[in-house]
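Participant: In our numbering, the protein residues as written are 3 to 319. Glycine included, every Cβ here is placed at the ideal spot set by N, Cα and C. A quick note: this is a predicted structure, and the numbers were derived from the prediction, not measured.
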């Protein structure tokens, strides 16, 4: 009779073997490293230089978790699912639930590494030129120029706990959707098509590749994100934590001033730069929307996790 100790030992060995297998597959393929370390920085580099790090960087840092979860992770799990090795997984000490847990844990860590890699890369391409002095972003008159907060102060102003909190939910939502795609997908092409469609839609509706102030002015586009993008709530938390609240312009330096914001303080509005009038505030999130953002992430996770568990089968029909 197998003892509890032996079962635990077998599970540990199986977990270690699975981790090694997933890691090897991740690095031997193209999609894993590309969507983790190349795809996000393409957007950060191009859009950051075109629109300014002060306008686009906070949202762009959500792209790594979305791109990995929607593109590389589902494809990798689907390939495992239809492989001859894992078709017999039910008769081994490695259970399907353990495989999904190890896969989810691996990609959870990989996405966080990707996010902080993008932050480090941003420090390289923007921090060198704008570490001590911000970029000129507006010119109200020929003699009046307004500057963004320098990159050093931008990083100091981030509410890192709120940022990590929002990114964590973005990753968990992405993993839930990714496994759901595998559970209903009949081929790699169908999974990729659906995943890329969700990615592209969310990149716009979750405000990751468009300046926040510009999107917030278009209310129809803004509120559509709550319905059409599962990442919208998590994105709002990340954006608020990264940018903080716009407080006005320092008259002595003509530099925009921000203060740290708290996503858990529902009575504190999230304010940003008014594109139409840079010297005034634009209210992005009020109490009701902050509450919706905070709790909508749990609904999306419950929905896609439940559907994934219900639909997931090892045999490809």
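As a quick exercise: from 235, 262, 197, pick the residue whose alpha carbon is nearest that of residue 246.
Facilitator: Selected option, being the one with the closest Cα: 262.
Participant: With distance defined between alpha-carbon atoms, name the residue in 136, 106, 50 nearest to residue 70.
Facilitator: It is 106.
Participant: Please give me, in chain order, every unbroken run of the alpha helix (DSSP H) with length at least 4 that falls completely inside the segment 59-121.
Facilitator: Within the segment 59-121, the complete alpha helix (DSSP H) runs of at least 4 residues are 65-69, 75-83.
Participant: I need the straight-line Cα distance from residue 134 to residue 158, nearest angstrom please.
Facilitator: Their backbone Cα atoms lie some 12 Å apart in a straight line.
Participant: Return the chain-ordered list of same chain residues with a C-beta closer than 6 Å to the C-beta of residue 34, the five sequence neighbours on each side being excluded.
Facilitator: Only 28, 74 meet the Cβ criterion.
Participant: Sorted by chain position, which residues of the same chain lie with C-beta nearer than 6 Å to residue 205's C-beta, five sequence neighbours on each side aside?
Facilitator: Excluding residues within five positions, the ones whose Cβ falls inside 6 Å are 211.
Participant: Which residues mark the beginning and the end of the alpha helix (DSSP H) in which residue 250 is found?
Facilitator: Note, residue 250: premise wrong, no alpha helix (DSSP H); beta strand (DSSP E) at 247-252.
Participant: Assuming contact is defined by CB atoms lying nearer than 8 Å, are residue 280 and residue 183 in contact in what I supplied?
Facilitator: Cβ atoms of residue 280 and residue 183: not closer than 8 Å.
Participant: Could you give the C-beta distance for residue 271 and residue 288, rounded to a whole number, given that I count them as a contact under 8 Å?
Facilitator: Confirmed, Cβ separation roughly 5 Å.
Participant: Distance, Cα to Cα, residue 66 vs residue 38?
Facilitator: Taking the straight line from one Cα to the other gives about 6 Å.
Participant: DSSP on residue 274, reduced to helix/strand/coil?
Facilitator: DSSP places residue 274 in strand when its eight states are reduced to three.
Participant: Return the chain-ordered list of same chain residues with a C-beta closer than 7 Å to the C-beta of residue 150, the five sequence neighbours on each side being excluded.
Facilitator: 54, 56, 136, 137, 139, 258, listed in sequence order.
Participant: By the three-class DSSP mapping on this structure, what secondary structure does residue 257 have?
Facilitator: Residue 257 falls in the strand class under three-state DSSP.
Participant: Could you work out which residue in 293, 308, 32, 274 is closest to residue 267 when comparing CA atoms only?
Facilitator: Looking at the Cα atoms, 293 is the closest of the given residues.
Participant: Using DSSP with H/G/I as helix, E/B as strand and the rest coil, what is residue 288?
Facilitator: Correct three-state label for residue 288: coil.
Participant: Report the rounded CA-to-CA distance for residue 203 versus residue 68, giving the unit in angstroms.
Facilitator: Spanning the two alpha carbons is a distance of roughly 11 Å.
Participant: Taking residue 147 as part of the beta strand (DSSP E), name the residues at either end of that continuous run.
Facilitator: Where residue 147 is concerned, the enclosing beta strand (DSSP E) stretches over 146-149.
Participant: Cβ atoms of residue 216 and residue 285: under 8 Å apart, would you say?
Facilitator: Result no, Cβ atoms of residue 285 and residue 216 do not sit closer than 8 Å.
Participant: Could you check where the alpha helix (DSSP H) with residue 158 kicks off and where it finishes?
Facilitator: Taken as a continuous stretch (DSSP letters only), the alpha helix (DSSP H) holding residue 158 covers 153-159.
Participant: Can you tell me whether DSSP reads residue 139 as helix, strand or coil?
Facilitator: The answer is strand: DSSP assigns residue 139 an E or B state.
Participant: Could you tell me which of 58, 123, 23 sits nearest to residue 241, measuring between CA atoms?
Facilitator: Among 58, 123, 23, the Cα nearest to that of residue 241 is on 58.
Participant: Would a C-beta distance cut-off of 8 Å place residue 72 and residue 235 closer than the cut-off?
Facilitator: Against a cut-off of 8 Å, the Cβ pair of residue 235 and residue 72 comes out as no contact.
Participant: Would you say residue 306 reaches chain D, if we count a Cβ-Cβ gap shorter than 8 Å as a contact?
Facilitator: Absence of chain D from the displayed structure is noted, only one protein chain being present.
Participant: Between residue 186 and the rest of its own chain, which residues show a CB-CB distance below 7 Å, the 5 nearest in sequence each way excluded?
Facilitator: 313.
Participant: What ranges does the alpha helix (DSSP H) occupy inside the segment 158-209, keeping only unbroken runs of at least 4 residues that lie completely in it?
Facilitator: Runs of the alpha helix (DSSP H) inside the segment 158-209: 162-186, 190-207.
Participant: Check whether the segment 38-48 and the segment 115-125 touch, using three or more Cβ-Cβ pairs below 8 Å as the test.
Facilitator: Judged by Cβ distances under 8 Å, the segment 38-48 makes contact with the segment 115-125, as three or more pairs qualify.
Participant: Looking at C-alpha atoms only, which residue of 123, 49, 193, 169 is the closest neighbour of residue 180?
Facilitator: Minimum Cα distance to residue 180 is reached at 193.
Participant: Rounded C-beta distance between residue 265 and residue 164? I'm assuming under 8 Å.
Facilitator: Yes, residue 265 and residue 164 are in contact; Cβ-Cβ is about 4 Å, under 8 Å.
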